[in-house]
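Using this note's numbering, the letters of the sequence shown correspond one by one to residues 60 to 219. Structure, as structure tokens:
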Amino acid sequence: MKMARPSARDIDAADELHWVLSAIDSRWGGPWATDGPDDLRAALAADEEFDSDNREHLQALYNHLAKLLRRTPNFYGRVIDGMCHVICWDRNAILDPADDCLSLHPDLLAGRELLHKHRADFLPRLEREARAAVAAQVEHSAATHLTAMRADWAQKASPA
């Protein structure tokens with residue numbers, strides 16, 4: 060299944076929704092429920108649609124949002140901003156700029172393919188390179204130490 064990439068209008072609408080939820084959530088400790096139903100699903104009968112003129116529906120909507128915002132503060136910021144301003148931001152090169160659907164950037168796909176191709180040798184090669192680097196450092200340190208020791212011995216052995 061593919062999902063369409065959000066348009067600029069979609070992102071503007073998501074930013075507006077973010078603002079609305081942030082306005083409701085601005086109270087320290089989160090919003091508190093008002094009198095009335097606290098679950099919108101329960102308030103709507105199976106065959107009933109949301110009615111913005113129905114006070115009980117509006118109270119259930121607010122109380123349901125308040126419950127969500129108290130349970131997981133700023134979830135909307137992480138989800139909306141994460142998607143709209145991190146994943147969809149062209150500068151981050153996460154999505155394919157040539158596709159109007161949510162598809163990974165060709166560079167990420169190429170990197171994933173390269174990693175998959177070299178996966179079997181990745182850790183052994185990394186271990187070999189680390190061992191070689193450690194061995195080279197030990198050899199260098201030993202040679203430096205021996206040179207210093209020889210100079211010290213030579214100084215002690217020479218007549219003053």
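Virtual Cβ for every residue (Gly too), placed ideally from N, Cα, C. Computed from a prediction, not measured in an experiment: that's the story for all the values here.
Beta carbon of residue i nearer than 8 angstroms to that of residue j
{"i": "histidine 164", "j": "isoleucine 146", "result": "no"}
{"i": "glutamate 108", "j": "proline 96", "result": "no"}
{"i": "glycine 89", "j": "leucine 128", "result": "yes"}
{"i": "isoleucine 139", "j": "alanine 73", "result": "yes"}
{"i": "tyrosine 135", "j": "leucine 185", "result": "no"}
{"i": "proline 132", "j": "aspartate 69", "result": "no"}
Residues of its chain near residue i, where Cβ-Cβ distance is below 8 angstroms and the 5 sequence neighbours each way are ignored
{"i": "alanine 63", "result": "Asp159, Cys160 and Leu161"}
{"i": "leucine 167", "result": "Ala152 and Ile153"}
{"i": "alanine 213", "result": "none"}
{"i": "proline 218", "result": "none"}
{"i": "leucine 174", "result": "Phe181"}
{"i": "aspartate 110", "result": "His116"}
Residue of the options minimising C-alpha distance to residue i
{"i": "arginine 137", "options": "Ala67, Lys176, Arg86 and His77", "result": "His77"}
{"i": "serine 66", "options": "Trp148, Asp110, Ala92 and Ala119", "result": "Trp148"}
Contact set for residue i: own chain, Cβ-Cβ below 6 angstroms, skip 5 residues either direction
{"i": "alanine 92", "result": "Asn122 and Ala125"}
Taking 8 angstroms as the cut-off, does the segment 98 to 105 touch the segment 114 to 131 (at least 3 CB pairs, one atom from each stretch)? yes
In chain order, which alpha helix (DSSP H) runs of at least 4 residues are fully inside the segment 153 to 217?
165 to 216
Practice item. Give, in chain order, every unbroken run of the alpha helix (DSSP H) that is at least 4 residues long and sits entirely within the segment 101 to 144. Key: 114 to 130
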